[in-house]
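**Q** Residue numbers (my numbering): -5 to 444.
The beta-carbon is built from N, C-alpha and C at its ideal position, and this holds for glycine as well.
Sharing a structure here in C-alpha cells format.
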Amino acid sequence: MEDFATLAIQELLHPEGFDCACGRHHGTGLRHFILGNGALEQLPRVLQTMSIRRPFVVSDSHTDPVAGEKVRMLLLAAAIPFASYRYPPRPHAIEPDEAAVGALCMAFDPACDALLAVGSGVINDCCKVAAHALGRPSLVVATAPSMDGYASDNASMIQNRVKVSLYNACPVAIIADTSILRQAPEAMLMAGLGDMLAKYVSLCEWRISHLVTEEYYCPQVAALVRGALSRVREYAPGLMRREGAAIDSVMEGLVMSGVAMSFAGISRPASGLEHYFSHLWEMKALRGLAQPSLHGIQVGVGTCLTLKLYEHIRQLTPSRAKAEAAIRAFSPAAWERDLHTLFGEDAAQKLIAQEAVEKKNDPQKHALRLQRLLEHWEDIRQIIREELPPLAEIVTLMQGLGLPLKPEDIGLTPRDAAEALLGSRSIRDKYLTSSMLWDLGELEDFTAYV
Ligand SMILES: [Zn+2]
Ligand SMILES: [Zn+2]
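Quick look at the structure:
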C-alpha cells in the first residue's frame, strides 16, 4: 500500500484507486488535474486523451472574457468541433437551481459528448447536474480558487427554493491556469482561503467523532488534507498580492479536499461545524431572513467562531452531573418548537422525521457518548492540541489579508451565530463540536462565546 501523503496529486487520480490500511478502497472519478501558468493550453490534449470529440462549452458573462473566449480559440486552433452556451448577463448572480440547469439542457447540442464548464462554483455545479442528467462526463476550466466543490461528486443546488446536495459525479478533468485564476475577484480569493482554513476544524472533529461515536476515520485521507492545508498556510501571506505560489496552493488544496471527500466517501475530511454555520446562514438567506455571502467567506467566519469555541473547550473540565442534568431536562417538545423557529415549518417537519430514525436525542445513546467523552477527555484535548492552531494565529492571518472575521463583518448578528450553533446538530446525523457540547450539557452556555 502506498503512503498517499508522499504522492503528487496527479498520482492520486489513478483509475484503479488504492487499497488502504483503513480497510477501504479509495478512488475518485477525477482523471486529470492540470495546474500552473499556461495550463489551459493543455485543454486539447486532455480532450484527446479522454477521447472527447465534441465538448459543450458553458460560460457566463463574467467567465467568458477571462477564459471562455480563449477556450473556443484553442478548440478552433486544434480543429476540435464544439457547441457553446453562455448564460446571459443578469442583475443578480446565477442561482444553481432548476432554471439554470434547465437553460443548459434546453441549449444542449445532443451531438456533444461532454460538458465543459468554464467557471467556478455555480457553473461547475450546474454542469455536474446537467451532465448527469444527459449521461455525459463533465470537465472544468476553473476561473477562481474559490471553493472546494471542483473535485467533489456532489453539487450544491437549490431545489424548490431549498438548499440540497445532489450526488452525481465529479468532473473527469480540472484545468486550472494560474494566469486565469489570479484575475479572480478579491472576494473569491478570500473565499477559497476561508474554505481551506475550515479544514483544521473538519479534521479535528472527524477524529473526535471517531473516538466518541466510532465513526469511520482514515488517517491517510486526513493526512492528504493536512498536507494541502499546511502548504496553503505557508504561501497564504502572498494570496492577495496574487502571487502564483499562493494561488496554486489554494487551488491545489481545494481540489485535494474534493479528492479526499471522494476517497473517504463522506464530507468529513473537508467539512465540520464551520460549514454548518454557513449552511444555516444560507438557509436563513433563502427564507429572506439573512444576507448571503460567498460560501467560503461564511465558512471563514464559521472557522473563527469554531476556533473561539475551542479556546474555551481547551479549558473545560467536563462534568457528568451537568451533562446528566441537561439530558434529564431535555424536552423533545421544546426541541421541536425550537426547530420551527430556527428553520421554518417545512424544514422542521423533515428534521423531526429524520430524528425519529437517527435518535440523536435518545437518552441511552447520549449516555454511551457521554461515557466515551468522559473516558477520553484527555485524548480529545490531545487531538485539539494536534489539529487546531490557536485562534489568534488564524485571526492575524485572516485580518492581514482582509478576510471577514465576525458575523457582523458579513451583515449577520451574534444572534444569527448563536442560532446556527444551536441548530447545527439537528440538521444532519453528523457528530459536530456542537453535538459534543450538547452531550456535555454545555451547548446553551457556549452560545455566549459566539
Ligand atoms: Zn484509508
Ligand atoms: Zn466548503
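Write down every uninterrupted run of the beta strand (DSSP E) in the stretch 106 to 141 whose length is 3 residues or greater and which is fully enclosed by it, in chain order.
**A** Here the runs fully enclosed are 108 to 113 and 132 to 136.
**Q** State yes or no: is the C-beta of Tyr445 within less than 8 Å of the C-beta of Pro383?
**A** Here the chain covers residues -5 to 444 and nothing more, so residue 445 does not appear.
**Q** Just to check, is the beta-carbon of Val215 closer than 7 Å to a non-hydrogen atom of ligand 1?
**A** Taking the sequence shown and counting its residues from 1, one reaches residue 215 at position 221. Flag set: Cβ of Val215 near ligand 1.
**Q** Gln153 lies in the beta strand (DSSP E); which residues open and close that run?
**A** Here the question's residue 153 lines up with position 159 in the sequence shown. Gln153 -> beta strand (DSSP E) spans Asn148 to Gln153.
**Q** Is it right to say Cys212 is buried, meaning 16 or more other beta carbons lie within 10 angstroms of its own, or is it exposed?
**A** Indexing the sequence shown from 1 puts residue 212 at position 218. Buried, because 16 or more other Cβ atoms sit within 10 Å of the Cβ of Cys212.
**Q** Just how far apart, CA to CA, sit Glu380 and Gly11?
**A** As a first step, residue 380 is located in the sequence shown; it is residue number 386 there, counting from the start. As a first step, residue 11 is located in the sequence shown; it is residue number 17 there, counting from the start. C-alpha separation (whole angstroms): 29 Å.
**Q** So, using beta-carbon positions, are Ala181 and Ile291 closer together than 8 Å?
**A** If you number the sequence shown from 1, residue 181 lands on position 187. If you number the sequence shown from 1, residue 291 lands on position 297. For Ala181 and Ile291, yes; Cβs fall inside 8 Å.
**Q** What do you reckon, are the CB atoms on His306 and Ala185 nearer than 8 Å?
**A** The residue labelled residue 306 in the question sits at position 312 within the sequence shown. The residue labelled residue 185 in the question sits at position 191 within the sequence shown. Contact flag unset, no.
**Q** Rounding to the nearest angstrom, what Cα-Cα distance links Asp340 and Arg39 in this structure?
**A** The residue labelled residue 340 in the question sits at position 346 within the sequence shown. The residue labelled residue 39 in the question sits at position 45 within the sequence shown. Taking the straight line joining both Cα atoms gives about 49 Å.
**Q** What number of angstroms, rounded off, separates the C-alpha of Arg281 from the C-alpha of His273?
**A** Residue mapping note: residue 281 aligns to position 287 of the sequence shown, counting from 1. Residue mapping note: residue 273 aligns to position 279 of the sequence shown, counting from 1. Spanning the two alpha carbons is a distance of roughly 13 Å.
**Q** Return the chain-ordered list of same chain residues with a C-beta closer than 6 Å to the C-beta of Ala71, the five sequence neighbours on each side being excluded.
**A** In the sequence shown, counting from the first residue as 1, residue 71 sits at position 77. There are no such residues.
**Q** For Cys14 and Gln214, which I take to be in contact (beta-carbon distance under 8 Å), what is that distance rounded to the nearest angstrom?
**A** As a working mapping, residue 14 is identified with position 20 in the sequence shown. As a working mapping, residue 214 is identified with position 220 in the sequence shown. About 6 Å; that satisfies the 8 Å criterion.
**Q** Specify, as a first and last residue, the run of the alpha helix (DSSP H) that Ile202 falls within.
**A** Translated into positions along the sequence shown, residue 202 becomes position 208. First-last of the alpha helix (DSSP H) with Ile202: Lys193 to Thr207.
**Q** Taking contact to mean 3 or more Cβ pairs, one atom from each stretch, closer than 8 Å, check whether the stretch 217 to 233 and the stretch 123 to 132 are in contact.
**A** Not touching, per the Cβ criterion.
**Q** Can you grab the Cα-Cα spacing for the pair Ile28 / Thr427, in whole Å?
**A** Reading the sequence shown from its first residue, position 34 is the one you call residue 28. Reading the sequence shown from its first residue, position 433 is the one you call residue 427. Their Cα atoms are separated by approximately 36 Å.
**Q** So within the stretch 280 to 310, which uninterrupted alpha helix (DSSP H) runs reach at least 4 residues, ignoring any that extend past its ends?
**A** DSSP runs (the alpha helix (DSSP H)) wholly in the stretch 280 to 310: 289 to 307.
**Q** Out of Val249, Val95, Ala73 and Glu35, point me to the one whose CA is closest to Ile152's CA.
**A** Position 158 of the sequence shown, counting from 1, holds the residue named residue 152. Ile152 has its Cα closest to that of Val95, out of Val249, Val95, Ala73 and Glu35.
**Q** Select from Asn118, Ser150 and Lys353 the residue whose C-alpha is nearest the C-alpha of Thr137.
**A** On the sequence shown, residue 137 is found 143 positions in, with the first residue counted as 1. Of Asn118, Ser150 and Lys353, the residue nearest in Cα terms is Asn118.
**Q** Assign Leu183 to one of three DSSP states: helix, strand, or coil.
**A** Mapped onto the sequence shown, residue 183 falls at position 189. Note: Leu183 maps to helix in three-state DSSP.
**Q** Using beta carbons (cut-off 8 Å, strictly below), is Asp103 in contact with chain C?
**A** The structure shown has no chain C; it contains just one protein chain.
**Q** Have a look at Asn148 and Gly247 and give me their C-alpha separation to the nearest angstrom.
**A** To locate residue 148, count along the sequence shown from 1; it is residue 154. To locate residue 247, count along the sequence shown from 1; it is residue 253. Answer to the nearest angstrom: the Cα atoms are 18 Å apart.
**Q** Taking one C-beta from the stretch 49 to 59 and one from the stretch 20 to 36 each time, how about it: are there three or more such pairs within less than 8 Å?
**A** Counting Cβ pairs under 8 Å, fewer than three are found: no touch.
**Q** Give every residue of the same chain whose Cβ lies closer than 6 Å to the Cβ of Asp189, excluding the five residues on either side of it in the sequence, and list them in chain order.
**A** As a first step, residue 189 must be located in the sequence shown, where it is residue number 195. For Asp189, where only same-chain residues beyond five positions count, the Cβ hits under 6 Å are Met141, Asp142, Gly290 and Val293.
**Q** Just to confirm, is the Cβ distance from Ser418 to Leu267 under 8 Å?
**A** Counting from one through the sequence shown, the residue named residue 418 turns up at place 424. Counting from one through the sequence shown, the residue named residue 267 turns up at place 273. Against a cut-off of 8 Å, the Cβ pair of Leu267 and Ser418 comes out as a contact.
**Q** State the DSSP-derived secondary structure class of Asp332, mapped to helix, strand or coil.
**A** Mapped onto the sequence shown, residue 332 falls at position 338. Residue state, collapsed to three classes: helix.
**Q** Skipping 5 residues on each side, what residues in its chain have a beta carbon closer than 8 Å to that of Asn355?
**A** Here residue 355 is taken as the residue at index 361 of the sequence shown, counted from 1. Counting only Cβ-Cβ distances below 8 Å, and skipping sequence neighbours, we find Phe324, Pro326, Trp329 and Glu349.
**Q** When every heavy atom of ligand 1 is checked, does at least one fall within less than 7 Å of the C-beta of Arg18?
**A** As a position in the sequence shown, residue 18 is number 24, starting the count at 1. Arg18 Cβ: within cutoff of ligand 1.
**Q** With a threshold of 6 Å on Cβ separation, who are the neighbours of Ala145 within its own chain once the five nearest residues in sequence on each side are excluded?
**A** By 1-based counting over the sequence shown, the position of residue 145 is 151. Closer than 6 Å at Cβ, skipping near neighbours: Leu24, Cys164, Val249, Gly252 and Val253.
**Q** Roughly how many whole angstroms lie between the Cα atoms of Phe480 and Asp373?
**A** The structure shown does not extend to residue 480, since the chain spans only -5 to 444, so no value can be given for it.
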